[in-house]
Every structure is written in structure tokens, then in C-alpha cells.
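Enquirer: Chains as they are written, first to last, in the working numbering: chain A, 1 to 326; chain B, 1001 to 1326; chain C, 2001 to 2338; chain D, 3001 to 3338.
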Amino acid sequence: MREITYSEAIREAMVEEMRQNPDVFLMGEDVGVFNGVWGVSNGMLAEFGHERIRDTAISELNIIGSGLGAALVGMRPIVEIMFGDFLMCAGDQIANQVAKARFMSGGKANVPLTIRITTGAPGSSAAQHSQSPESWFMNIPGLKIVTPASPADAKGLLKSAIRGEDPVLFFEHKMLYAVSGPVPEDKDFTVPFGQAAIVKSGKDVTLIGVGIMVQKSLLAAEKLAAVGIDAEVIDPRTLVPLDKDTLIQSVAKTGRVVISHEAHRRSGPGAEIAAVLAEEAIEYLDGPILRIGAKNVPLPYSPELENDVLPNENDIYDAARRLCGK
Amino acid sequence: MREITYSEAIREAMVEEMRQNPDVFLMGEDVGVFNGVWGVSNGMLAEFGHERIRDTAISELNIIGSGLGAALVGMRPIVEIMFGDFLMCAGDQIANQVAKARFMSGGKANVPLTIRITTGAPGSSAAQHSQSPESWFMNIPGLKIVTPASPADAKGLLKSAIRGEDPVLFFEHKMLYAVSGPVPEDKDFTVPFGQAAIVKSGKDVTLIGVGIMVQKSLLAAEKLAAVGIDAEVIDPRTLVPLDKDTLIQSVAKTGRVVISHEAHRRSGPGAEIAAVLAEEAIEYLDGPILRIGAKNVPLPYSPELENDVLPNENDIYDAARRLCGK
Amino acid sequence: MQTGPDIKEYKERYSIELLAELYRRMTLVREFELRAIEERRGGLIPGFIHSCVGQEATAVGTCLALSAEDVITSTHRGHGHLIGKGGDPKYMMAELAARSPGYCNGRGGSLHIADFTIGILGANGIVGGGIPMATGAALGFQMRKEARVAVAFFGDGASNEGSFHEAANQAGVWKLPVIFFCENNLDGEGTAIHRCTPIEDLAIRAESYGFPGVIVDGNDVLAVYEVVKTAKERALRGEGPTFIEAKTYRYRGHYEGDPQVYRTQEEIQSWKEKDPIDRFKAKLLDSGLLDDADLEELQGSVILQLDEAVSFAANADKPAVEDALVGVYADTHNGLVF
Amino acid sequence: MQTGPDIKEYKERYSIELLAELYRRMTLVREFELRAIEERRGGLIPGFIHSCVGQEATAVGTCLALSAEDVITSTHRGHGHLIGKGGDPKYMMAELAARSPGYCNGRGGSLHIADFTIGILGANGIVGGGIPMATGAALGFQMRKEARVAVAFFGDGASNEGSFHEAANQAGVWKLPVIFFCENNLDGEGTAIHRCTPIEDLAIRAESYGFPGVIVDGNDVLAVYEVVKTAKERALRGEGPTFIEAKTYRYRGHYEGDPQVYRTQEEIQSWKEKDPIDRFKAKLLDSGLLDDADLEELQGSVILQLDEAVSFAANADKPAVEDALVGVYADTHNGLVF
Ligand SMILES: Cc1ncc(C[n+]2csc(CCOP(=O)(O)OP(=O)(O)O)c2C)c(N)n1
Ligand SMILES: Cc1ncc(C[n+]2csc(CCOP(=O)(O)OP(=O)(O)O)c2C)c(N)n1
Ligand SMILES: [Mg+2]
Ligand SMILES: [Mg+2]
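#1: Please decide whether C/Gly2012 counts as near chain B, where near means a Cβ-Cβ distance under 9 Å.
#2: Under three-state DSSP, which class holds A/Phe48?
#3: Taking only the alpha-carbon atoms, compute the straight-line gap between D/Ile3121 and B/Ile1212 and give it to the nearest angstrom.
#4: In chain order, what residues of the same chain have a beta carbon less than 7 Å from the beta carbon of A/Leu5, not counting five sequence neighbours either side?
#5: Does any residue of chain B have a CB that is nearer than 9 Å to the CB of D/Leu3236?
#6: Does the separation of the CB atoms of D/Gly3109 and B/Gln1097 fall below 9 Å?
#7: With DSSP as the reference, label D/His3112 as helix, strand or coil.
#8: Spatial neighbours of B/Gln1003 within its chain, please: CB distance less than 8 Å, with the 5 preceding and 5 following residues excluded, ordered by chain position.
#9: For the stretch 57 to 83 of chain A, list every residue whose C-beta sits within 7 Å of some C-beta in chain G, in sequence order.
#10: Applying the criterion that 16 or more other CB atoms from any shown protein chain within 10 Å of the CB defines a buried residue, is B/Pro1112 buried or exposed?
#11: Any beta carbon from chain C within less than 9 Å of D/Cys3196's own beta carbon?
#12: For A/His129, name the three-state secondary structure that DSSP assigns.
#13: Straight-line CA distance for A/Met18 to A/Ala9?
#14: Per the contact definition of three or more C-beta pairs closer than 8 Å, is the stretch 1132 to 1142 of chain B in contact with the stretch 1248 to 1265 of chain B?
#15: Let me see if you follow: with CB-CB separation under 9 Å, is C/Leu2111 close to chain B or not?
#16: Quick check on the DSSP output: what are the complete beta strand (DSSP E) runs of length 3 or more inside the stretch 1068 to 1140 of chain B, in order along the chain?
#17: Could you name the residues, in chain order, whose CB is less than 6 Å away from a heavy atom belonging to ligand 4?
#18: Provide the residue(s) that pair with D/Asn3184 in DSSP beta bridges, ordered along the chain.
#19: Rounded to the nearest angstrom, what separates C/Asp2006 and C/Phe2280 at their Cα positions?
#20: Distance, Cα to Cα, B/Glu1047 vs A/Gln128?
#21: Does the beta-carbon of B/Pro1022 have 16 or more other beta-carbons within 10 angstroms, so that it is buried, or is it exposed?
#22: If you draw a straight line from the C-alpha of A/Gly49 to the C-alpha of A/Val33, how long is it?
#23: Could you check whether the Cβ of D/Glu3183 sits closer than 8 Å to any heavy atom belonging to ligand 2?
#24: May I ask you to report which of helix, strand or coil DSSP gives C/Lys2229?
#25: Pull out every residue of the stretch 278 to 289 of chain A whose Cβ sits closer than 9 Å to any Cβ of chain B, in chain order.
#26: Which residues, in order along the stretch 2162 to 2183 of chain C, keep a beta-carbon less than 7 Å from a beta-carbon of chain A?
#27: When you compare only the Cα positions, how much space is there between C/Glu2166 and D/Asn3160?
#28: Please confirm whether B/Lys1253 and B/Glu1232 have their CB atoms less than 9 Å apart.
#29: Using 8 Å for Cβ pairs, my map puts C/Asn2185 next to C/Tyr2249. What's the rounded Cβ distance?
#30: So B/Ser1135 contacts chain A; which residues on that side make the cut at Cβ distance below 8 Å?
#31: Quick check: the stretch 74 to 94 of chain A against the stretch 1087 to 1094 of chain B, are there 3 or more CB pairs under 8 Å?
#32: Just confirm the distance between the C-beta atoms of B/Ala1013 and B/Lys1155, as a whole number of angstroms; I'd bet it's less than 8 Å.
#33: For chain C, find out if any of its Cβ atoms is closer than 9 Å to the Cβ of A/Ala197; answer yes or no.
#34: Could you tell me whether the Cβ of A/Phe25 comes closer than 9 Å to any Cβ of chain D?
#35: For C/Asn2105, which residues of its own chain have a beta-carbon under 7 Å away from its beta-carbon, when the five flanking residues on both sides are left out?
#36: Using 8 Å as the cut-off, classify the Cβ of D/Thr3075 as near or not near the heavy atoms of ligand 2, replying yes or no.
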């Protein structure tokens, strides 16, 4: 299969959906003339024009709130938030309007709104340009939360988001944009929500990775293999809805689990995953449920400190070895 | 000891601190002339005047952002957010400014800012006036998160917040305001952060309750006693910092735990508590870690639906019985 | 301040049907509020009510200047807007009573009533929360080249929220067909406007966004009707938004039970003398186009309609508890979401 | 648009020391930026740089009109503001180099430099994020009856954020001693102002908040100095805020590496002809108060200072990794927090 980057896969999903559905459009800060700060929408203005590739004012609240309004009258907006760090500027619109519009109206509102958000630390960008907000809105019913880890999933999950009738927070990790991988060319290739992927199967320990930590879990799995530990690597792909069954089945098989994400440890996505397993899979566990995440300090500017604060494959490797007692 | 209500205890803490320190003041929507929508600041305008009891515009973002600015030049602002549901209107100021000011400045910024927030469902107030946002900012380092469950804790914890040098999210449950209890009169009575309270000791099962669920856990404990189950009830009192030791010691003793909060189950405060126990106390557990919380739907207006969605003492009772197998 | 046309012009400018409907609908709004308050006391309605008694002209004058395809976003004080836009008191009362056939199947209550089939995108519990929504709806209309406008209702207090500023700015840039309709009733909950807003006329805020701001007598239903018609025409010509500030007043507390320590009886009284319904009634009678009998008949029909609405609500089923989890998502991925 | 005084007035109105310092500090800002960019290429500086080359007059003219007790909140483009307010290039360069003796001990970098001892409440990575902070500082000054003002620096793009609106409104109500200083450099990242803002002169936004808005030639350092002095006097008289819009331009990309597809070389060139340093230099020479030798000496001292700053930064320790968790809270409750 042809290989393209995560960034190209996201653009391809947007372009294909925009070609086949005039209701789909992209709106955000510098997505047009500037080609997107991360280059994801590169060239889209040339194809679709200012009408459908809309540069907005620096007004996150209105970007998301007006995305909702457009969705309520039948459009299928894709809005981009340049850095996940800025998501809270629109916090109220996400939590109180977008998430609740359908339920509050007795299930009548359709909200086909895709909110594309960059996540993760691009390196020495300090505390306001490095955060991983995946868990910030997990407590709020009404949103779907998606964390693609590969180019194929990025394309397939984004298409499911754009074609769906519910609001989606779609988290794109900045350090994955340049990563290449095989991506189907079929225009109707989609990846359904709520289905975790078993990225590598194994029998000794389950490594659950969120977003970029899937790659790091695979690296850890390789190193673990070298010491005779056969790790299973699982990517939940969507945090809401969460495919509990696949996670539980894996843990039932391995009896050991390490959950990792780049978000801070405290109340990150791993807290919910760990709580679900502690509630529904504890009888299978031969040891503690270990969580790997950024330390609970704002992301520091210093590369040395940042490197110490962010989680990596060695943290996963060490945790897994501890669990396996070798 | 004299008994006063939770609401009076909070007012007493504010009034005493304002009397002894001119830098302390209260600012928020309708806290003055209107006496506070919940009546908590009743009479304070009469004593302190408009200078120190400030009615603001309906601008949550600026209320919290200017609270930060005032704190940075030496004031000790107490700001009130009328409903926790509105907290996200100021989400960016909380997450990116208030929480990070100290760290980003290399530890130099002092941020003695107390953010008082009402939480919980007052009954048939629907999805935008009933939420429990305690966990929304738990993933963000730099904030302290406090959930008083009794009048004495409300007073003592609020004084610790006002006297401290760090920003605090102080969650007051609307349905606790009228609850009375003994409260020390000592003007220097404070309750330190990071010390859970063992509200009732027991040996069979640990009931960890957040905020109003402490009362409900006590009610459940009474009913459990009737069927021969001796429950220990623990109130973490502060979610950040979290007193892990007390929680772990209790679980080590009972081997069983039910965590409850009014916030939605998914990624509520209980997710983090469960994850901590699954990580550090799993060897003591004789069964799953059970979480009780509001169902994962926006709070409905209908009293019947709301009653079904919100957690209560029976949910805790049933969970504990299941764990104890009787 | 824009005022309504002279009585002499009524005949050539308006159909009797329109004049009668303006009167009927204002009466319906007022009686709906009074009846809802009564039913709340009586226990039929479990939730809070923010009544718009005194503000009937802004709601009705605006909505009757719109067509069915146009949309509105409303507020916590939304009953007038909803009835104005064609909301059925039956389903509104049923919603207030938290019943299954209510507009939101009992999920939303007063603060969240919506009916997408008649252009009501929703009341709102968040001050200023619906303004970006209206702006986005207008964007949709513009992109689809539909001859429709969106009206964002909001209060004087809401004009101090960031949501208003961001939405108005973007609407100005894109010349969106949206009307920012500010009901300036001089108070925001317990805080008088002069205590939280440094200007008296909010309409001047429009200048910050490059579109016109007009001040209208919000207690003159035809004055409101005319400024909204003008704003809609402007929007449909592609010239962009209009900010309308309507000076009005709410007679009752912010919500039922509000002790109203923040304002004087004199102020309330002075506004009652400018009552929008009384004033319009007097003009209609002077104009000779409608007589007492006509107006009493309309009044009677309204009372009848509300009796029916109340008994419909009272006899309607409550939502089934088994359905508590329904309606959060379009699909629940085989229940995975919960 | 306000411009600076005539050269003839220089002598009676300004001390030579002030004129020299304005020139020296603008030069220091410019040279600091160019040097930082160079050191970033050279690898000493790991993070992004948003340079203010071309905007030296707004930063220096404003800050020299303030006293040490006054405070500022800055932006992502803050190096000029910080140097203007007395920030030491040594500790700034060390911070950019992520070293331990940097202003933030290497934790903050360019976007977060703060020094509370000289009234720098902080640069900011969030557009518009610092505006409420300045408003709150001004509230503190007013409550303590201190004769101090707060200046919120922000850009044209930031004026479209809700934070500006909410802060300006409250500042207007309370007549706070705050100055809203908008550096209108015609672009917000890759979007020209006319594409995201429906008005040309942002100063008119002040009318929405009941205080004056003035437009000043942002490339004329004495013009900036004068309007800020006037605004500060007004604030200290208790008359409240002033909105100042300074028309200026940044010569370089939004950040280093920006291809600048969104603007033309002609536009850039036309502004370089209005260079704030060149213009002031010419005037100083015309005035006869300073001669070439004086200015070259100042220039030389600046280069020397920056050489020292760079070597200080290059030789400074990096933060100790063991201290990675330090500085999140004032106390960590016996480590409980982590
Ligand atoms: C974001 C937010 N802040 C505060 C409130 C509480 N609140 C509800 S209505 C109201 C007053 C609104 O005043 P205005 O906009 O003038 O509308 P009015 O009530 O006068 O019709 C307030 C403060 C809220 N619902 N949402
Ligand atoms: C809330 C927020 N939104 C977007 C950004 C990304 N961003 C950084 S600077 C900038 C442009 C700001 O423009 P302006 O306020 O005019 O300042 P200038 O860069 O021109 O000095 C943008 C969009 C941000 N840092 N914060
Ligand atoms: Mg009002
Ligand atoms: Mg700019």
C-alpha cells in the first residue's frame, strides 16, 4: 500500500470529504493563506477558495461556537484549534453548548462538528504550547474524543468524525505529522469509533498507549522482547467511546498492564482507563496497574527539564519489567 | 461546640480573614447588593463596603484573570463563580495563566488567589446549572482543588486557601449550604490541605466520598451496619494535593473500596483516586474498585430523570454489599 | 431612539391581520408567563422561571418581522422569543412541566427549549452563550446562499461577555446575515447596568465591529418590528449585521422569588406606565382598525389556548426513567459510550 | 494620529539623558533581537523567537514614560517591552538559552519572561491572555491607593479576543489605572488585519468602554512617550483607562522561519522607510543635542552589553534535572502534590 504522512492523511481525509460534500468546510486561525501553522491544510485554499477554507480572527470561542451554529443549520464544519493549549479559550462553548446541544433539545439537535486540535510537546515550547488536553473534556458527556496514532487511523477516524452526527474532539499529535505509514486509497475507508486496535499481540504484558505513546509502546515492546517479555500493544484510538472489551480481554490474557500517555499523569486519560480496569478486570491482574505520563508540572522550556518531565519508551519498558519481575 | 451552617462557616472564614487582612477582598457576580445568589456573602457589603465586596460585570474570564493580576501585586482576592457550570468561561485564565504563573516565572510569582465555585445539582436546574466540575482542572498542575463536605472543613479549608500562596479551586456544594455542624470559633482554626479525614472508622469496606457524597457515604454506612457490614468513611477533603497514604492505609485494612462523587463517572475525581489505588494498593484489594457517580449524560431537567442520573446512598450501599458478598 | 410609525400610517402600512397578531402574540406571551408562574407555585413546574413580563414587544416585534426560515438563538429569559417565533404554548408548558411531549422531552426545561423545525436554535442557560451560535447559523446561510437571517437575542449584561465581542467581530468581517438584538432591561440579575457597564447606550458597541447600531423603544412593538425588518433587508442585501439595542424593562424579579433589593418600586412603576401591551392597545383603538370587542376576543382566545396548554401538560406522561441515557449521541456505538 | 513634538521643542522639553536613553534602549532592543536570532541559529537558543524588529519605539516610548513601580503585561512578542521596562539582557539571554540564572530559571523561555521586582508581570504565550492580569494589577493599585499604573501590551489580533473586551469593560466601570496599549502592526500571525477585523482604527473600540482611544504614530518614539505620559496622568487622576493604538510594523516574520506569504515585499519596504530608530536618530542629530560620536558611543555600549549577555548565557549552568519538579507550588505539603 502507498505510504503517506500523518499530516497528508489528515489533509486527504478533509479534501476527499470536501470534494464529495459541499457542506463540509474548514475554519480556523491561519488555515488558509498561511497554509496552517502546521501545514496540514497546505494547498487547500488553492483548491477550495476562501469560501470553504476560512481564516478566522483570533477568537477560539467564536470559532467553535459558530462551528456549532453552522452545524445546527446543516453544515458539517471542521474547525481547527492551532494548539490544544488554546482549547480552554473556548471551554464554555465546548462544555456547555457543543457537548449538550443534542441532549438538552431532547435528542433533536444534530451536531456534525469536527474540532481538530493539535496536541503534545513540539520541544522547548514551554507551558502554554506543549499540553496534551485529551482528558480535559472526558468528564463531559456529549463529546467524542479521538486520538489517532497512525496515518491510516488519522484518515479513517477523521472521516468517521466528519461523516458522523456528533461533535468530535480530534487530537493530532504534532510530533506525528511527519510520520509515514500505509494508508488505504479507498475514498470510503473509515475507522469506526469505539474499536481499539491490537497493534502488536503478546501474552506477558499489555501496553496501552494513547496517541504518540502507541509508537513508544511499540519501541518498548521491542526492547522487552530482547529480555524475553512478550508485550501486547493496544491503541484505544477513541477515548470516548472507549472499547473496554478489547482492553479487558487483553488484560485477561496477560494479567499485567502499563498505560501511557503524554498528558500529565494526574487525571490524564490513563486515570479513566485504569479505573475501568480496576473495576472490571481486577480479577485478572497479577500486579498493579501502572500509569506513565508527563510529570505533574507545567511543561518546562529547558530541553533537559522537558526531557525529564515527558514520558518515553524507557519509562514503559522499566514499568513492564517491574511488573514481569524480570 | 456552637453549630453553624456550611454557608455561615464560609462567610465567617471570609469575614474573619477580611477583618484581619486588608489585602483580602471578595469579587464576583452579584456578591454585593444581591448578597450573593446563594446568600453566602449576605451582609458582607454592609460591613466592608463596595470597595472590598465588588459586584462585577458578567465576565467570568476577567473575574478570574483580574483576580490573578491583583494577586500578583500583593492582594489576596477571593473570587466567586456563581455556578461551577460557568467555570469554563474562564477556562483559559485558570489553565494557562493562574495555574502556571508561578512555575513559568521560575517559581517567583506568588498567586494567593482563592476561587470559590458552587458545585452540584440544586434540583431540576438542567444541564448548564447542575454540574460538578471538580475534576475538570485536575490534570493541570499548579492548582489546588478543595472539596469541603462539612461546615468545619468549609471554614478551615477556606482559611488555608486564603492564607496560602497558591491558587485554589474551592468547591462549595449547593445542597450543603444549609447543613449545620460544629465549627470552632478560634480565628486561627485552619484545616491543612492534603490531609484526608476518617469520618467514620470501620474494618469491612472503605467508602471514599467527595464533597456531598461524604454525607451519603455515612448514610450508606448506617444501612450497612444494619446488615453487619462495618464501613469506614473517608473524605479526601482536597483532591489536589491528595492524601494517598490515608486512603491506602484504609484499603489495606478493609480490602474493599467504593469511591463516590456527584460528578459524572467518566473521568471524575474517582478516576484518579481509583487509579492511584490500583497502582499503589492493589495487593490489599479483595475485589474491584467500585466507582459511583452521576451517569454519563448531561443533567436532565426532569426530576425523575435527574434522580435516576444522580448517585445516592443506595448506590453506595448496594456496591458495598456486592463487594462484601452479603 | 427609533419609535413606531404614527397611527395615521397604520392603515396603509400594515394589514389588520398583522396588527391583530402582534397584539395577540404579546398577550399570549404575557399570559403564558403569568400562567407558568402560577403553575410553578401550584407544583406543576419543578424548575426556575425567568419571566419576560414587560418585554413582550421586543420578542414579538422581532420575531414577526422574521420569516419561518429565519432562526433565533434565545436566552434564559426566552419564553417570549419562543412564542414570538411560533413556539406552541402546549409543548412549552409541557416542557416546563418536565413532560415527555415537551419540546425537549423533559430534558431541557425553560432554559433549553429548542425547535429546529421553526428556527428556534435554543434558549440558553449561559449568558451570551448563544451569540456565536447565531453567528455560525448565519455563516451557514451565507455559504449556502440562502435568503435567511439569524437573530441573536441577548441582554445588556450579556454584552459584557467575551462571546459577544468575538462573534460580533467575526460577523462584521464576513458581513454575515445576523442581527445582534440586545434587550437592554437595565439590570443583569441583581446588578444595574450602570454598575457593570461604563456606557449608557450599548448600540455604540456596533462601531467596534464596522456595522450600524440602532437604539429602539423596546416597548413599542411596531418600532421594534420596523428596525428588525430594516436590519433583515440589509442582511439579505449582503451588507452584514446590525446591532439593535431595545430599551425595555422586566417587571418581575430576575427569577421568581427574587427580592429585588437592587431596584426601586418607583423605577418599576415608571416603566409600567410605558407598558408595551397597553400602549399598543390604545393605539389600535385610536386607529379604529380594531375595537374593544376584537381585542377582547383575542384575549379570550389566548386564555383558552393556555388553559388547553396547561391541561395538556398536566395530563402528559413523564419521561420514562428507562430512557434516562437516551439522546446524548446520535449513535451510541452499541452502547459503548456509556 | 498623534505625532511627536517638533525638534525645536526638544531642548526645553526633554533632558539629554532621556533622549539618549530612548535612543540607546531602542538600539538595545533591535540589537538584542538580531543577536538572539543569530544565537538561535547558532544553537544557543532552543525555542522559538517572535522578534519585534521595527516596533522598538512602541516598547521603549511606553516604558520610559512609566516609573519603576508601574507594571506591564507583555505578549509573545515581548523582548522590547521587557528591555524597555528595565529587563537585563543578561538574564533575558540566559532565559532564552534555557539556563539556570535566566529570569525564569530556564522554565519559561521567551514567552514567559517575568521579573516582579521591576514590574514585568510576564510575557505571555496566550494571545490576549495578559490583559485581564494588567486590569487586576490596576485594581490592586486602586484599592491600595498607590500611585501606580498597569500597562497591558497586546496586538491588533489580540483585540479580537474576548479577554480584551471583558477586561476593558470592567476597567471602564471601575476607572482603573490601566492603559490598554495596542501595537497594531497590521498582521496577526499570517492574517492581515483587514481580513480578520472589520475596522481600520482599533482605537474606536475604546468608546465601547467609556474611555478615550488615541491613535499614535508607533514609529515615533517621542509621540508614544507623550501619549503614554498623558494616559498615565489621567489614570493617576482617577479618571480611568486609556486605549492607545500605535500604528507600527514588524519587519521580520511572525516567528523566525515564517515564509511570509501573507504580505508583500513592497509593504515591508515602505515601513522600513519609516524606521523608528533611523527617524529618531535623524531628529536627534538635527536637534544638535547629540552628535554622531555620541550615538556611535551608545551603539558601541549596546553591542558590548550584548556580547557580555551572550557569553554570560553561554557559560551559565543549565537547570539541574533533579529540580524538575520545583516551583509548581509555594509549598508542596511534604511532596503530597506530586
Ligand atoms: C456565563 C454565565 N454567567 C452568569 C450567569 C448567571 N446569570 C443568569 S442570567 C444573568 C443576568 C443576565 O443579564 P442580562 O444579560 O441583562 O439578561 P436579563 O436577565 O436582564 O434578561 C446572570 C448573571 C449565567 N447564567 N451564565
Ligand atoms: C489564544 C491564542 N490563540 C492563538 C495563538 C497563536 N498566535 C500566537 S501570536 C498570534 C498572532 C497575534 O497577533 P497580534 O495580537 O496582532 O500580535 P503580533 O504577533 O502581531 O505582535 C497567534 C494567532 C495564541 N498564542 N494564543
Ligand atoms: Mg438585563
Ligand atoms: Mg499584529
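Quick reminder that beta carbons are idealized off the backbone N, C-alpha and C, glycines included.
Expert: So, from the data block:
#1: The residue you asked about is not Gly; residue 2012 of chain C is Glu in the sequence shown. For C/Glu2012, the nearest beta carbon of chain B is not closer than 9 Å to its own beta carbon.
#2: Helix at A/Phe48.
#3: The displayed chain sequence assigns Leu, not Ile, to residue 3121 of chain D. When the Cα atoms are used, D/Leu3121 and B/Ile1212 turn out to be separated by approximately 38 Å.
#4: Note that residue 5 of chain A corresponds to Thr in the displayed sequence, not to Leu. Answer for A/Thr5: Pro151, Tyr177, Ala178, Val179, Ser180, listed in chain order.
#5: So, not an interface residue.
#6: No, these two residues do not count as a Cβ contact at 9 Å.
#7: For D/His3112, the secondary structure class from DSSP, reduced to helix, strand or coil, is helix.
#8: The amino acid at residue 1003 of chain B is misidentified as Gln; the sequence shows Glu. In chain order, Pro1151, Ser1180, Gly1181, Pro1182, Val1183 place their CB closer than 8 Å to the CB of B/Glu1003, counting only its own chain and leaving out the 5 sequence neighbours on each side.
#9: Absence of chain G from the displayed structure is noted, the protein chains being A, B, C and D.
#10: So B/Pro1112 counts as buried.
#11: Taking Cβ atoms only, chain C reaches closer than 9 Å to D/Cys3196, which makes this a yes.
#12: Looking at A/His129 - three-state DSSP - the assignment turns out to be coil, as it is neither helix nor strand.
#13: The C-alpha of A/Ala9 is placed about 14 Å away from the C-alpha of A/Met18.
#14: Yes: at least three Cβ pairs fall under 8 Å.
#15: For C/Leu2111, the answer is yes, since a Cβ of chain B falls inside 9 Å of its Cβ.
#16: Within the stretch 1068 to 1140 of chain B, the complete beta strand (DSSP E) runs of at least 3 residues are 1076 to 1081, 1114 to 1119.
#17: Residues flagged by the Cβ proximity filter: D/Gly3155, D/Asp3156, D/Gly3157, D/Asn3185, D/Asp3187, D/Gly3188.
#18: Per DSSP, D/Lys3247.
#19: If you draw a straight line from the Cα of C/Asp2006 to the Cα of C/Phe2280, it comes to about 12 Å.
#20: Put simply, the backbone Cα of B/Glu1047 is about 41 Å away from that of A/Gln128.
#21: Counting Cβ neighbours within 10 Å, B/Pro1022 comes out exposed, since fewer than 16 surround it.
#22: Distance between the alpha carbons of A/Gly49 and A/Val33 is about 10 Å.
#23: Taking 8 Å as the cut-off, one finds at least one heavy atom of ligand 2 near enough to the beta carbon of D/Glu3183.
#24: Per DSSP, reduced to three states, the secondary structure at C/Lys2229 is helical.
#25: Correct list: Ala278, Glu279, Glu280, Ala281, Ile282, Glu283, Leu285, Gly287, Pro288, Ile289.
#26: Answer in chain order: Gly2162, Ser2163, Glu2166, Ala2167, Asn2169, Gln2170, Val2173.
#27: Rounded to the nearest angstrom, the two C-alpha atoms are 6 Å apart.
#28: A contact, by the Cβ cut-off of 9 Å.
#29: Right, their Cβ atoms sit about 5 Å apart.
#30: Within 8 Å Cβ-Cβ: Asn139, Ser267.
#31: As far as the Cβ criterion goes, the stretch 74 to 94 of chain A touches the stretch 1087 to 1094 of chain B, which means the pair count is three or higher.
#32: Correct: roughly 5 Å between the Cβ atoms.
#33: Answer no: the Cβ-Cβ gap between A/Ala197 and chain C never drops below 9 Å.
#34: Residue contact check for A/Phe25 against chain D: no CB pair falls below 9 Å.
#35: Within its own chain, the residues whose Cβ lies closer than 7 Å to the Cβ of C/Asn2105, once the five positions on either side in sequence are excluded, are Pro2319, listed in chain order.
#36: Yes - ligand 2 has a heavy atom lying nearer than 8 Å to the Cβ of D/Thr3075.
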